[in-house]
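A.B. asks:
Right, dumping it as structure tokens:
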């Protein structure tokens, strides 16, 4: 796409976003008029008034205007958090929503951060999340990337596998060993491993029952040890994949609170979950029986057909 055309589309889209922001605040203000935000106790109907609850009346309102209840509830809350005189012209509704829970939101929104790409001070969704102390979908700074890696490797098995993978990079290993604490931990781990070998606990990688079959003084088959070691690594990888999925889901699912998804998105997630369930059954069967072959239906499902 030509650069000039891209700039034209950006300019038109900015105008649309500003219009959309005004519309979102307008709907939120109307929802507030229907059901003002109150303290604990909620809706207090006057004598003789139809006793619709706050949620029920907002659901009726949402249905009448063609929006979901959750969308209307979000618009209402943001509109209540941002009085008209505190709303910033040219700043999207999304940024207002993210900054709404910040204790110094009214002052903070007046001081947009510098966008290093454009060289202008302006708000974006990720910039607002950083200002509000949220984690961003796309980590930019070194600290954000470190925190993202730390979240993904919260499980000890995943962390160990990741560390082994990263330390295979010579530059990474060199820099890691310049850190005194990291160097001490590695040295201590080496001593601990040596202690395990001396205590005879290194046989954890042996193939089942083969260690018991060896007579005292028999030579150890190096091929058997390597074969057992590879099997142990495969088992660790399998556990790491499972725990990595659980850790990732535990990190991501709580962030979905209040999110709205299209029918197409819901359908796509449903298809992926179907694959996950089928794959979990496949893993369970393989571990229980040792058979790893796929039936045709599962093969087609995993191929996305």
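Numbering (this note's numbering), first residue to last: -19 to 285.
Glycine included, each C-beta is placed from N, C-alpha and C at the ideal position.
Roughly how many whole angstroms lie between the Cα atoms of residue 113 and residue 271?
C.D. replies: Approximately 48 Å, taken between the alpha carbons.
A.B. asks: Closest to residue 215 by CA distance: which of 236, 61, 134 and 263 is it?
C.D. replies: For the residues 236, 61, 134 and 263, the minimum Cα distance to residue 215 belongs to 263.
A.B. asks: Under the three-state reduction of DSSP, which class applies to residue 100: helix, strand or coil?
C.D. replies: DSSP places residue 100 in strand when its eight states are reduced to three.
A.B. asks: Report, in whole angstroms, the separation of the C-beta atoms of residue 59 and residue 12, which I expect to be a contact under 8 Å.
C.D. replies: Contact flag correct, Cβ pair sits at about 5 Å.
A.B. asks: From which residue to which residue does the alpha helix (DSSP H) around residue 252 run?
C.D. replies: Looking at the DSSP string, the run of the alpha helix (DSSP H) that includes residue 252 is 243 to 269.
A.B. asks: Between residue 77 and residue 167, what straight-line distance do the alpha-carbon atoms span, to the nearest angstrom?
C.D. replies: Roughly 49 Å between the two C-alpha positions.
A.B. asks: I believe residue 288 touches residue 134 by the beta-carbon criterion, under 8 Å. Please report the beta-carbon distance rounded to the nearest angstrom.
C.D. replies: A question about residue 288 goes unanswered here, because the residues of the chain that appear run from -19 up to 285.
A.B. asks: Restricting to Cα atoms, I'd like to know which of 151, 146, 221 and 57 is closest to residue 238.
C.D. replies: Nearest option by C-alpha distance: 57.
A.B. asks: Only counting the same chain, and skipping five residues up and downstream in sequence, which positions put a Cβ closer than 6 Å to that of residue 266?
C.D. replies: Taken in chain order, the residues that qualify are 272.
A.B. asks: Tell me the DSSP secondary structure of residue 147 in three-state form.
C.D. replies: Reduced to three states, the DSSP call for residue 147 is coil.
A.B. asks: Can you round the beta-carbon distance between residue 363 and residue 80 to whole angstroms, since I take them to be within the 8 Å contact cut?
C.D. replies: The chain is shown from -19 up to 285; residue 363 falls before or after that span and cannot be answered.
A.B. asks: Are residue 111 and residue 82 close, meaning C-beta to C-beta below 8 Å?
C.D. replies: It is a contact, given that the beta carbons lie within the stated cut-off.
A.B. asks: By the DSSP assignment, the alpha helix (DSSP H) with residue -10 in it spans what residues?
C.D. replies: Unbroken alpha helix (DSSP H) run through residue -10: -17 to 14.
A.B. asks: Let me check understanding here. Comparing Cα to Cα, which of 220, 158, 53 and 48 lies closest to residue 34?
C.D. replies: Out of 220, 158, 53 and 48, 53 has the C-alpha closest to the C-alpha of residue 34.
A.B. asks: To the nearest angstrom, report how far apart residue 249 and residue 138 are at their CA atoms.
C.D. replies: In a straight line, the C-alpha of residue 249 is about 24 Å away from that of residue 138.
A.B. asks: Which residues does DSSP pair with residue 167 in a beta bridge?
C.D. replies: Answer by DSSP bridge pairing: none, since residue 167 is not bridged.
A.B. asks: Under DSSP, the alpha helix (DSSP H) around residue 57 begins and ends at which residues?
C.D. replies: First-last of the alpha helix (DSSP H) with residue 57: 49 to 61.
A.B. asks: Spatial neighbours of residue 269 within its chain, please: C-beta separation below 8 Å, excluding the five flanking residues on both sides.
C.D. replies: Counting only Cβ-Cβ distances below 8 Å, and skipping sequence neighbours, we find nothing.
A.B. asks: First and last residue of the alpha helix (DSSP H) that includes residue 75?
C.D. replies: 73 to 79 is the span of the alpha helix (DSSP H), which, as asked, contains residue 75.
A.B. asks: Which two residues bound the contiguous alpha helix (DSSP H) that contains residue 33?
C.D. replies: Segment: none, residue 33 is in no alpha helix (DSSP H) and carries neither H nor E.
A.B. asks: What is the rounded straight-line gap between the Cα of residue 181 and the Cα of residue 234?
C.D. replies: The pLDDT assigned to residue 181 is 46, lower than 50, so where the model puts this residue is not dependable; a value taken from the coordinates is nonetheless given after this. Those two C-alpha atoms are separated by around 41 Å.
A.B. asks: Among 131, 244, 251 and 6, which has the Cα closest to the Cα of residue 64?
C.D. replies: That would be 6, whose Cα lies nearest to the Cα of residue 64.
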